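Since the structure comes first, as structure tokens, the remarks are kept for the end.
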Amino acid sequence: MPASVLIGDVFKAFNPWRAFARGIAWLATKVSRDGLPSPLPYPPRLGRWPAAAVIVAFVWIELVYEGSSDPSKLAVLALAYAAVQLIGMSLYGIESWSRYGDGFSVYFGLFARMSPLRWERGAVFGRPPLSGLTALAVVPGTVALLCAMIGTTSFDGFSQGPAWQSIQPELIKAVNGIGIEQTSSIMIADTLGLVSAVLIVTGLYVLGVSGMRRDAHVGLSTRELAGRFAHSLVPIAFAYVLAHYFSALWFNTQGLVFLASDPLGNGSDLFGTADRAIDYNSISANAIWYVQVGALVLGHVAGLILAHDRALVTFKDLRAATRSQYWMLAVMITFTSLGLWLLSESSS
4 MPASVLIGDV
14 FKAFNPWRAF
24 ARGIAWLATK
34 VSRDGLPSPL
44 PYPPRLGRWP
54 AAAVIVAFVW
64 IELVYEGSSD
74 PSKLAVLALA
84 YAAVQLIGMS
94 LYGIESWSRY
104 GDGFSVYFGL
114 FARMSPLRWE
124 RGAVFGRPPL
134 SGLTALAVVP
144 GTVALLCAMI
154 GTTSFDGFSQ
164 GPAWQSIQPE
174 LIKAVNGIGI
184 EQTSSIMIAD
194 TLGLVSAVLI
204 VTGLYVLGVS
214 GMRRDAHVGL
224 STRELAGRFA
234 HSLVPIAFAY
244 VLAHYFSALW
254 FNTQGLVFLA
264 SDPLGNGSDL
274 FGTADRAIDY
284 NSISANAIWY
294 VQVGALVLGH
304 VAGLILAHDR
314 ALVTFKDLRA
324 ATRSQYWMLA
334 VMITFTSLGL
344 WLLSESSS
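Be aware that the sequence shown starts at 4, since it is given in the working numbering, and climbs by one per residue.
Right, here's the structure in full:
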């Protein structure tokens, strides 16, 4: 993910489903005499809804599903997901499906729009940081996807804190009370928490957009206005993810050093680093905290800059544009406060 922000859409180059589909398509063109039929046009109404569903489902499996630690169940789910990707690519075309339907391609592609580098047809071009987000095509499901990205990460942090530890048992008890067994009750309680987190984030954003529309007196619906400012949520989503997973990224990256020497776990030492270990003293807890806080603050500042830039384009009157940004400022401050509170919760 940080690589996407720094150097562009890395995932696109290493996407296994895209590579496999391109290989099959190339082979089919060589074997078929009449060539492959043209793909169907991607349904405009479908938009990024499939990607939003994938992100929520992935986090649900990670945080809620009781079989998330069972390799056999995960293998079945991975195969099912691969099948969905290949079917989508065969129906609507590899690039169209990757751009809108493949959850991980869309996820990393959004972050790559923050990068100062843009890759196209084997060439690399420079651009101002964040400028790629201004050209984001707002199709159905875009706002839902971004709110899901922020909301699911929020629940991941919230579920590790004392507040959720006090709420969860009561929810489990309530579900138990209607005759549902314990394991399913835990999953239902966690699902309610996950969905609630996404809905709260969505509600905060829609509330800010509604206030902006009312004060700016613009002739756009709340839905249209929410779409126009959706790109300002991308840096916030990145800030939440980076703040939440920074420590895991720092330490697990060190693990690549010795795993590269013994990738199969059979005792090999290809690069002479198999005896290395993760150095948990390589960074202090205070340094991690400063990085997390810095990421949240900078992410929200970036979001506010993007929102202000879009307001100047959307509202022709400078005074109306200024009034509209009071609401976006309130939304950004709320998200920043929420992120800092979640950090304190997860570290309690």
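Ideal Cβ positions, reconstructed from N, Cα and C, are used throughout, including at glycine.
As the structure is a computational prediction, the values presented were derived from the model and not from experiment.
For residue i, tell me which candidate among the options has the shortest Cα-Cα distance.
i              : options                        : result
glycine 135    : Leu120, Leu89, Ala126, Ser287  : Leu120
leucine 236    : Phe161, Ala277, Leu133, Asn179 : Leu133
tryptophan 20  : Pro5, Asp37, Gly91             : Gly91
alanine 242    : Asn289, His234, Ala298, Leu210 : Ala298
aspartate 282  : Gly342, Asn255, Leu210, Asp265 : Asn255
asparagine 289 : Gln328, Ser347, Ala333         : Ser347
leucine 149    : Met190, Gly129, Pro53          : Pro53
serine 41      : Arg51, Ala28, Val34, Gly50     : Ala28
alanine 240    : Asp272, Asp193, Val304         : Val304
leucine 125    : Leu223, Asp73, Asp12           : Residue identity check: residue 125 is glycine in the sequence provided, not leucine. For glycine 125, the nearest C-alpha among the options comes from Asp12.
isoleucine 10  : Leu43, Met117, Leu89, Tyr110   : Met117
arginine 231   : Val316, Glu123, Ala85, Phe17   : Val316
leucine 43     : Ala263, Gln171, Leu94          : Leu94
isoleucine 153 : Tyr208, Val221, Ser99          : Tyr208
glutamine 3    : Gly196, Asp218, Ser224         : Residue 3 lies beyond the residue range present for the chain, which begins at 4 and ends at 351; the question has no answer from this structure.
valine 146     : Ser75, Gly214, Arg226          : Arg226
Using three-state DSSP, classify residue i as helix, strand or coil.
i                 : result
phenylalanine 274 : coil
alanine 126       : strand
leucine 120       : strand
asparagine 289    : helix
aspartate 73      : coil
glutamate 184     : coil
tyrosine 283      : coil
proline 143       : coil
glutamine 171     : helix
asparagine 255    : helix
glycine 26        : helix
aspartate 159     : helix
leucine 149       : helix
glycine 135       : helix
proline 5         : helix
glycine 268       : coil
asparagine 18     : coil
glycine 154       : helix
leucine 39        : coil
glycine 11        : coil
glycine 106       : helix
glycine 164       : coil
For my contact list, residue i and residue j are in at a C-beta cut-off of 8 Å; report their separation, rounded to the angstrom.
i                 : j              : result
valine 142        : arginine 51    : 6 Å
arginine 25       : isoleucine 97  : 6 Å
valine 212        : alanine 229    : 5 Å
threonine 186     : valine 67      : The Cβ separation is near 11 Å, so there is no contact.
histidine 234     : alanine 323    : Not quite, the Cβ-Cβ distance comes to about 20 Å (not below 8 Å), so this is no contact.
alanine 55        : glycine 144    : 5 Å
phenylalanine 114 : serine 7       : 4 Å
serine 264        : alanine 277    : 4 Å
methionine 215    : methionine 331 : 6 Å
- Query: Where in the stretch 193-240 do unbroken runs of the beta strand (DSSP E), each at least 3 residues long, occur, reported from the N-terminal end onward?
  - Reply: none
- Message: Any contact between the stretch 242-250 and the stretch 149-160? By contact I mean 3 or more CB pairs, one from each, below 8 Å.
- Response: yes
- Item | Three-pair Cβ contact test at 8 Å for the stretch 55-65 versus the stretch 102-109 | yes
- Task: Counting only runs of 3+ residues fully inside the stretch 291-343, write out the beta strand (DSSP E) ranges in chain order.
- Result: none
- Message: Between the stretch 202-220 and the stretch 328-345, can you find at least three pairs of beta-carbon atoms closer than 8 Å?
- Response: yes
- Run through the stretch 45-97 for me and flag every whole alpha helix (DSSP H) of 4 or more residues, listed as ranges in chain order. Runs of the alpha helix (DSSP H) inside the stretch 45-97: 52-66, 74-95.
- Could you tell me whether the stretch 304-323 touches the stretch 268-279, where touching means 3 or more Cβ pairs closer than 8 Å? no
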